[in-house]
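Novice:
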Amino acid sequence: MTLASPTASGPARPVARRWSFTRPTEVTRILPLFILVVLCFDVPLLVALGWSVRDPKGPDPTLRHYIDFTTSPIYLPVVWRTIELAAIVTGFCAILGYPLALWITRLSAGRQLVAIGLVIIPFWISILVRTYAWIVILGNAGVVNRTLKELGLIEKSIPFLYNELGVAIGMVNVLLPFMVLPIYAAMLRVDSRLLHVAATLGASSFSIFWRVFFPITLPALSATMALVFILSLGFYITPAILGGGKVPLIANMMDMFINRLPRWELASAVAMTLLLVTLLLYAGYQWLRSRTPA
Amino acid sequence: MTGGRATFGRALLAAYAGVVIFFMCLPILVVVPMSFSSAKSLRFPPPGWSLRWYGSFFKDDRWLDASVNSLVLAFLASTLSLILGTLAAYAIVRGRFPGKRLIESNFMAPMILPPIITAIALFIFYARLDVLGTFGGLIVAHTVLAAPYVVLLMTIAIQSFDIRIEQVALTLGASKLQMLTRVMMPNLVPSALAAWIFAFIISFDEVIVTMFLSGRYFTIPKRMFAQLMEQINPTITAIATLLILFSIVTVGMVGLLMHRAGLLKPRIGDARADVR
Amino acid sequence: MKHNFLLASMALAATAALGISNASAVDPSKTLLINDAGGQWVEAVAKCIDEPFFQKTGIKVTHEVPGGIAKLLAMVESGKITGALFDGETGEIEQAKAKGLLKKIDWAKINPEPMFDEAKQEYAMGTSFYSTIMAWRSDAKAPGNFVEFFDTVNFPGKRALPNYPGFILPFAALGDGVPVDQLFPLDLDRAFKTLDRIKDDTIWWEAGAQAPQLLQDNEAQYAISWSGRVAGKEGVTISFNQGMLDMSWFMMPKGADPAEMEAAWLWLHEHTVKANQACVAQYISYPGPSPELDPLLPQDRLGEFPTYSENKKVQWLTDAKWWFDNVDTVQKRWEEYKLQQ
């Protein structure tokens, strides 16, 4: 690294304003993806989201489906359960993933590659296969329960599966790489000299971590947590199979509205609500990000 | 420095990290042995050994076909979304224009919406445009689905890359292109790689939208889905094992390339020395 | 006009019987696209029906996943129907029918060989029979009927049950002592009474493949499962007694290509040929609608087939109309029940 700044954080915005000549180019940079998303996502979606106000029995738009959805004693609890589980899963991913990423950055280059390889490899096993693998591992007659019994630690199998615990384990396993990789990438960019300066000034490694390193990586951590949270809202197969049918989440509910009932208008209303709520959360995240120095 | 305490802390961190990696890889540790099983169902440990599931993969043209489709599709969609997503992320961080936040949120929408809704909406749209069941249509859909991951990761990466470095490079007489290739890119490589892998996997594992849009093209998850719902066929463990092998080779090659290009070692070497 | 049509179809019926297939108003197209769920049954059909059908008629059959009502609805929304046939469950036929999406089945054009009456509907043709039955680990105490099946005191163990109201509620009603001949209209109170009673011993399965896996892994000792998934599985015993006999159907959407429709009638005819059905039965134990199939089935596995005469007579058929008329009530009670868990 030949060009290093004195700090890893930079007051990006005020400087950017002075670089006025970048303005037109920035717009052209964002355009290709923007056009693609508008044409191949927004337009089709507007049609689908329009169903949410469609009255199957008449020509006039109606808010009935939104009222059905929000006043039903059945649907909202599924949404809350999904959000609750997503929050728990995101929390666990952070607790497990951050230290792992930290540890990896401190390995030698070759070992880092191996460690990152180990983080990425589970990606290659489709979620479907991994879900069934968990049955083999955590089931009543699974590897874990058998081992514990042979060791004489338990007499009756521990019910890991077919409850919220099973779903949470499966989800955390799938989402951990999504947590580790971005944080690891962010940690690599932390300017080592900064830490060095702190060390020469006599700071303990404990306080270097908590007062310098952690705050620098915090934006990346929170961004990644936002990503993992959003991702965990959409799980379908894991709750269907590891939840034993007792832990339906939003995606399972959507499947019912689209494929089984079918009540597309209701599905559309739920999707619209989900989109708005999540985007509001995302706006909150954007706001936080803009306030935190990068 | 603080001697004993720091060493203890490092050992604790290593042990913790080891446990987490073990947890992440646990499914692999059962899937790989099961792919060599002689049993017809998923049993661990396998009652006997055989290569029959590899046989049933390689002998079946449809699986091979699906594998090629999946890999080509994921490669094209992830590369496309990496390029478009990175450009967009750069504009989001460095640019100032009205509606920036809204556009950024818009990019996130495909990640948020339940895939079954996206699937139906795109199905209807594609049918009207007469591109239903085309490979190109599938690539576009997967690109849109994978782009949010790229935008999210690259926004963070570019934001934490100090703009003054860019300015210094430019004032020292570097051309914009030199600045990008010599200064910006090397710093963004780890994040870009992570983003590309995410995009690749999102496309590679996508089943619901693919199911509706792909017509007669089969991908691995699409093929698996119909089968797994009926019967747990250990062929899927053989496929998973082959993919793991493939990914090890790919990661190995990327590592070698990065090593040769000097992207990996000096930077990380620095960091390590200094943290200690 | 009407006369012409009648004449044409009669002529077709006559010529089709002779094995000539080009006498209808529109010639059948050379390709036929079918929307279905894929899987083992379709793979068997590709070998046993599509191949010989192509040899015989030159019509190339292709299958696209998925089928079902969701895809049909999406096509209707888009205004473009591709494919002359869609597969569907019993309930989906009612839904599609009520939305006015279906064309009547032209039985004269299909000119079927002998088939069970229940497979011959106005808007759909049943092409494969499957049963929903009780199964248990061979080392567990064998239940004789569904009252015993749901008796967790005398038959202790977990129950793996389908997470689909249509496939569990009738059995739960039987479990409370409702006689088979009085199942419909279904007494929901009594059905949910049973489910409430065994709540803590229940695992719900979603994918058909899960039921045998749950039994073999000793996660559950008893299961209600689709027959083809548990039949012949090591360590699992099955009984068709009081089982629910049902069919997978093909329906034809309005607005499909007329030439392709003609091809579809010819293809559906092949499904009524018992030799073809016997061929499919080699690969999967979901038999076609011929009442004369028993002697052609693999004799050592006869007991696995839903339409085997000994099995068929102890089972009952669901009431699709009742489910359709009561979908809102059922759904509401079902979800309320599932939420309390």
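Chains as they are written, first to last, in this note's numbering: chain A, 1 to 294; chain B, 295 to 570; chain C, 571 to 911. From the three backbone atoms N, C-alpha and C, an ideal C-beta is built for every residue, glycine too. Just so it is clear, the structure is predicted and the values come from calculations on it, not from any experiment.
(1) Is the Cβ-Cβ distance between M822 (chain C) and K673 (chain C) less than 9 Å?
(2) Taking CB distances under 9 Å as the criterion, tell me whether I854 (chain C) reaches chain A.
(3) Would you say G170 (chain A) lies against chain C (beta-carbon separation less than 9 Å)?
(4) With DSSP collapsed to three states, give me the class of K816 (chain C).
(5) Taking the runs of the beta strand (DSSP E) that are 3 residues or longer, which of them lie wholly in the region 614–655 of chain C?
(6) Quick check: the Cα distance between V298 (chain A) and I250 (chain A), rounded to an integer number of angstroms?
(7) Just verifying my parser: in three-state terms, what is the DSSP assignment at S879 (chain C)?
(8) Is the CB of K559 (chain B) under 9 Å away from at least one CB in chain C?
(9) Check whether the Cβ atoms of A360 (chain B) and F512 (chain B) sit closer than 9 Å, and answer yes or no.
(10) Please state whether DSSP places P480 (chain B) in a helix, a strand or coil.
(11) Between T278 (chain A) and chain B, is any beta-carbon pair separated by less than 9 Å?
(12) Return yes when the Cβ of S708 (chain C) is within less than 9 Å of the Cβ of V806 (chain C), no when it is not.
(13) Ignore the nearest five residues each way along the sequence and tell me which others in P327 (chain B)'s own chain have a CB closer than 8 Å to its CB.
(14) If you run the structure through DSSP and keep just helix, strand and coil, what is K57 (chain A)?
(15) If you drop the 5 nearest sequence neighbours on each side, which residues of the same chain put their C-beta closer than 7 Å to that of L266 (chain A)?
(16) Which whole-angstrom value describes the C-beta separation of V850 (chain C) and A614 (chain C), a residue pair presumed to lie in contact below a C-beta threshold of 8 Å?
(17) With a threshold of 9 Å between beta-carbons, can M225 (chain A) be considered close to chain B, or not?
(18) Which two residues bound the contiguous beta strand (DSSP E) that contains S399 (chain B)?
(19) Quick check on the burial criterion: 16 or more other C-beta atoms within 10 angstroms. Buried or exposed for L471 (chain B)?
(20) Using a 10 Å radius around the Cβ and a threshold of 16 neighbouring Cβ atoms, would you call R517 (chain B) buried or exposed?
(21) In angstroms, rounded to a whole number, what distance separates the CA positions of N592 (chain C) and Q885 (chain C)?
(22) Select from A:D60, A:P32, A:T105 and A:L33 the residue whose C-alpha is nearest the C-alpha of L307 (chain B).
(23) Decide yes or no for the touch test of the region 779–787 of chain C against the region 687–700 of chain C: beta carbon pairs closer than 8 Å, at least 3 of them.
(24) With W357 (chain B) as the anchor, note down where its alpha helix (DSSP H) starts and where it stops.
(25) Looking at the structure shown, is R729 (chain C) part of a helix, part of a strand, or coil, going by DSSP?
(26) Going by C-alpha distance, which of A:R146, A:L161 and A:V270 is nearest E317 (chain A)?
(27) So what does DSSP say about N605 (chain C), is it helix, strand or coil?
(28) Could you give the distance in angstroms between the alpha-carbon of P740 (chain C) and the alpha-carbon of S879 (chain C)?
(29) Are Y443 (chain B) and L100 (chain A) closer than 9 Å when you measure CB to CB?
(30) How close, in whole Å, do the beta carbons of V212 (chain A) and A198 (chain A) come, if the pair is a contact with beta carbons under 8 Å?
(31) Kindly identify the DSSP beta-bridge partner or partners of D657 (chain C).
(32) Quick check on DSSP: helix, strand or coil for A826 (chain C)?
(33) What are the residues in the region 420–454 of chain B lying within 7 Å of chain C by C-beta distance?
(34) What residues in its chain sit with their C-beta under 8 Å from that of A413 (chain B), if we drop five residues either side in the sequence?
(35) So which residues on chain A does D499 (chain B) lean against when the C-beta distance must stay under 7 Å?
(36) Could you tell me whether the Cβ of L336 (chain B) comes closer than 9 Å to any Cβ of chain D?
Specialist: From the atom records:
(1) yes
(2) no
(3) no
(4) The identity of residue 816 (chain C) in the sequence shown is Asp, whereas the question assumes Lys. D816 (chain C): strand per DSSP, three-state reduction.
(5) 630–634
(6) Since the first residue shown for chain A is 1 and the last is 294, residue 298 (chain A) is missing from the structure and cannot be characterised.
(7) helix
(8) Reliability fails at K559 (chain B), whose pLDDT of 43 lies under 50, so the model's placement of it is uncertain and the value that follows must be treated cautiously. Not closer than 9 Å to any Cβ of chain C, the Cβ of K559 (chain B) fails to qualify, so no.
(9) yes
(10) helix
(11) yes
(12) yes
(13) F338, P339 and P340
(14) coil
(15) H65, D68, F69 and F257
(16) 5 Å
(17) no
(18) First-last for S399 (chain B): K394 to I406, but that is the alpha helix (DSSP H), not the beta strand (DSSP E).
(19) exposed
(20) buried
(21) Low confidence applies to N592 (chain C): its pLDDT is 46, below 50, so where it sits in the model is not reliable enough to give any reading.
(22) A:T105
(23) no
(24) D355 to R388
(25) strand
(26) No answer is possible for residue 317 (chain A): the residues shown for chain A start at 1 and end at 294.
(27) strand
(28) 22 Å
(29) no
(30) 5 Å
(31) C:F820
(32) coil
(33) A421 and R422
(34) I502, V503, M505, F506 and L507
(35) S126 and I127
(36) As a matter of chain content, chain D is missing from the structure shown, whose protein chains are A, B and C.
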